[in-house]
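Numbering (the UniProt record's numbering), first residue to last: 1 to 266.
Backbone N, C-alpha and C define an ideal beta-carbon position, used for all residues, glycine too.
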């Protein structure tokens, strides 16, 4: 290579190196404010700063508070409506005429006779006797009960009213309906669920069904007098014992009659 050509090549190389170095340096007159800003560090979050904002501005905390307040008002209004319905139901139930329901089974007839024999002649409520019998001879049971009490004893029949001061033996399957004008027997129905709690009593005597204890206790919550036969002289105490285990009172049949007379003086 000629000396002149070597000199031109060296000069070209120096020009390229200078241009590259200039590209790596900030342009003259460029300030720090014009330089690209580094990303701001993300601060650690605290529980007090947590929101439902997802960062794209689509959710406003003020709207969330308004929705919460509206939901709270709706719940309060619903609670008031439910409470008013319960008060109406209690008020109606309290006005319905009640009765004394006596539940018995094996060993029950003797306890029922003792109970009825101790009731005053002017007892002001109907007495309904639901005695479980294998043979279903309810007519004989009526005669037995009548010999034990001065109160009139009848076999309950569909369509007949339950009168205060009367004893009614209930055949299997017979039910009751209660209205403001009184209690009526119906051919197909239930007794225990249809009984108005506030003006009634339910007694569990010997042989009564332990499966009825839950329903009986619901009547106690509603204001009914609920009690069972004490162990002495009780042939089958399964239901009364379950009642006692759950806070129920037990007493002899004659003492139960006294409690009824105190609840409803003649």
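Cβ-Cβ distances below 6 Å link residue 250 to 228, 230, 240, 244 in the same chain, with the five nearest sequence neighbours on each side left out; the list follows chain order. When rounded, the separation of the alpha-carbon atoms in residue 219 and residue 135 is 30 Å. Within a 10 Å sphere around the beta-carbon of residue 180 sit fewer than 16 other beta-carbons, which makes this residue exposed. DSSP places residue 161 in the strand class (E or B) of the three-state scheme.
About 7 Å separates the beta carbon of residue 127 from that of residue 99, a gap short enough to meet the 8 Å contact definition. When DSSP states are grouped into helix, strand and coil, residue 190 belongs to the coil group. Counting only residues of its own chain and dropping the five nearest sequence neighbours on each side, residue 248 has a CB closer than 7 Å to the CB of 226, 227, 228. Here residue 131 is bridged, per DSSP, to 104.
The criterion of a C-beta distance shorter than 8 Å is not satisfied by residue 115 and residue 202. In this structure, DSSP gives residue 98 a state outside helix and strand, which the three-state scheme calls coil. Within a 10 Å sphere around the beta-carbon of residue 194 sit fewer than 16 other beta-carbons, which makes this residue exposed. By the neighbour-count criterion, in which 16 or more other beta carbons inside 10 Å mark a residue as buried, residue 71 falls on the exposed side. Taking a C-beta distance under 8 Å as the contact criterion, residue 206 and residue 235 qualify as a contact pair. Linking residue 158 to residue 190 through their CA atoms gives a straight-line distance of about 12 Å. Secondary structure of residue 184 (DSSP, three-state): strand. In this structure, the beta-carbon distance from residue 233 to residue 123 does not fall below 8 Å. Around the beta carbon of residue 196, 16 or more other beta carbons lie within 10 angstroms, which makes this residue buried. The Cβ atoms of residue 133 and residue 142 lie no closer than 8 Å to each other. Buried is the label assigned to residue 212, since at least 16 other Cβ atoms lie within 10 Å of its Cβ. Taking residue 139 as the centre and dropping the five residues before and after it, the same chain places the C-beta of 155 closer than 7 Å to its C-beta, in chain order. For the set 162, 171, 119, 117, the Cα lying nearest the Cα of residue 105 is the one of 171. 8 Å or more divides the Cβ of residue 161 from the Cβ of residue 153.
Judged by their CB atoms, residue 119 and residue 199 are not nearer to each other than the 8 Å cut-off.
One alpha carbon belongs to residue 215, the other to residue 74, and they sit about 34 Å apart.
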